[in-house]
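Enquirer:
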Amino acid sequence: MTAVLPRAVDLNADLGEGFGAYRIGDDAALLDVITSANVACGLHAGDPEIMVETFRLAKAGSVAVGAHPGFPDLWGFGRRALPYSAGEIERLIAYQIGAAAALSALAGHPIVYVKLHGALANLAVADPDIAAASVRAIKGVDASLACLAIAHGKQHQLARDAGLGTYSEVYADRGYQDDGSLMPRARPGAFVHDPAEAVERACRMVETGEIVSVTGKVLPTAIDSICVHGDNPTAVVTARLLGERLAAEGVVLAAFAGKA
Numbered sequence: 001m002t003a004v005l006p007r008a009v010d011l012n013a014d015l016g017e018g019f020g021a022y023r024i025g026d027d028a029a030l031l032d033v034i035t036s037a038n039v040a041c042g043l044h045a046g047d048p049e050i051m052v053e054t055f056r057l058a059k060a061g062s063v064a065v066g067a068h069p070g071f072p073d074l075w076g077f078g079r080r081a082l083p084y085s086a087g088e089i090e091r092l093i094a095y096q097i098g099a100a101a102a103l104s105a106l107a108g109h110p111i112v113y114v115k116l117h118g119a120l121a122n123l124a125v126a127d128p129d130i131a132a133a134s135v136r137a138i139k140g141v142d143a144s145l146a147c148l149a150i151a152h153g154k155q156h157q158l159a160r161d162a163g164l165g166t167y168s169e170v171y172a173d174r175g176y177q178d179d180g181s182l183m184p185r186a187r188p189g190a191f192v193h194d195p196a197e198a199v200e201r202a203c204r205m206v207e208t209g210e211i212v213s214v215t216g217k218v219l220p221t222a223i224d225s226i227c228v229h230g231d232n233p234t235a236v237v238t239a240r241l242l243g244e245r246l247a248a249e250g251v252v253l254a255a256f257a258g259k260a
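Here the sequence shown stands for residues 1 to 260, numbered as in the numbering used here.
(1) Would you call the region 133 to 141 and the region 179 to 194 in contact, with 3 or more CB pairs under 8 angstroms?
(2) Please confirm whether leucine 242 and alanine 172 have their CB atoms less than 9 angstroms apart.
(3) The alpha helix (DSSP H) spanning valine 33 covers which residue range?
(4) Can you tell me which of the three DSSP states aspartate 14 falls into?
(5) Using 10 angstroms around the beta-carbon of aspartate 161, count the other beta-carbons present and answer buried if the total reaches 16, otherwise exposed.
(6) On the DSSP letters alone, give me the boundaries of the beta strand (DSSP E) that proline 220 sits inside.
(7) Is the region 106 to 114 in contact with the region 73 to 87, if contact means three or more CB pairs nearer than 8 angstroms?
(8) Sort Cys147, His156, Ala196, Tyr176 by Cα distance to valine 237 and report the nearest one.
(9) Between the Cα of glutamate 249 and those of Arg185, Thr234, Glu207, Gly165, spot the shortest distance and give me the residue it belongs to.
(10) Work out the CA separation of glutamate 49 and leucine 246 for me, nearest whole Å.
(11) Quick check on the DSSP output: what are the complete beta strand (DSSP E) runs of length 3 or more inside the region 40 to 94, in order along the chain?
(12) Going by C-alpha to C-alpha distance, which of Tyr22, Ala28, Phe19, Gly20 sits closest to alanine 290?
Structure below.
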């Protein structure tokens, strides 16, 4: 039976990931293509100046915005798992949501969702205590905020059970393990560097409603949003090609949460 394509899907990227005079990624170019922007909140990357600038650019481009909290790890870019307790993680996430809420309001373009970054997001896939801490933080700060969570993870399940608006995310440029989690970055197959290959993979996921692991295991998956890593040198090319390919197949790019 031929798969029925969804009428719309979101395309997101992680933005605002510089710090001070240091900049990373081409945020302006990505904002011409994506429909949701995950904005770093100052701990793994970002600062008040970059955050406000990013929120203003997103508003000008009618791109929905969300908080992108991570571990307080500028040196490791939030990609190292740090030994915080679940309670400390809950407060770290709440702290960053608060910063994003304040600065997005100042920019006139309030956040509408939360998506965890890096090691924190990967931990929330498998660890129910950390997943629950993230859900408590979102709901405790603002229960109207949606949760954008990695498909098949504990955070997605617990956020939905808690009554948060919950959306499922897949990655165009990352490899998957058999349980639906992302391949650790140090392992072969963790990254898809070729834009054409990333687009092909993402379109197949959208067309079939399935993730395929590195071993070939097929996992049926609800797909609300596709992520392209903003710090990847090929991010802009990948995002543009993906948007064009989906449009050619009749799939509209549209924000999954709130009004852009």
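For every residue, glycine included, the Cβ atom is placed at its ideal position computed from N, Cα and C.
Expert: Looking at the coordinates:
(1) no
(2) yes
(3) Where valine 33 is concerned, there is no enclosing alpha helix (DSSP H), given that its DSSP letter is neither H nor E.
(4) strand
(5) exposed
(6) 218 to 220
(7) Contact between the region 106 to 114 and the region 73 to 87 is absent: fewer than three C-beta pairs spanning the two stretches fall below 8 angstroms.
(8) When the alpha-carbon of valine 237 is set against those of Cys147, His156, Ala196, Tyr176, the nearest one is in Ala196.
(9) Glu207
(10) 34 angstroms
(11) 64 to 68
(12) In the structure as shown, the chain starts at 1 and stops at 260, and residue 290 therefore has no counterpart that could be examined.
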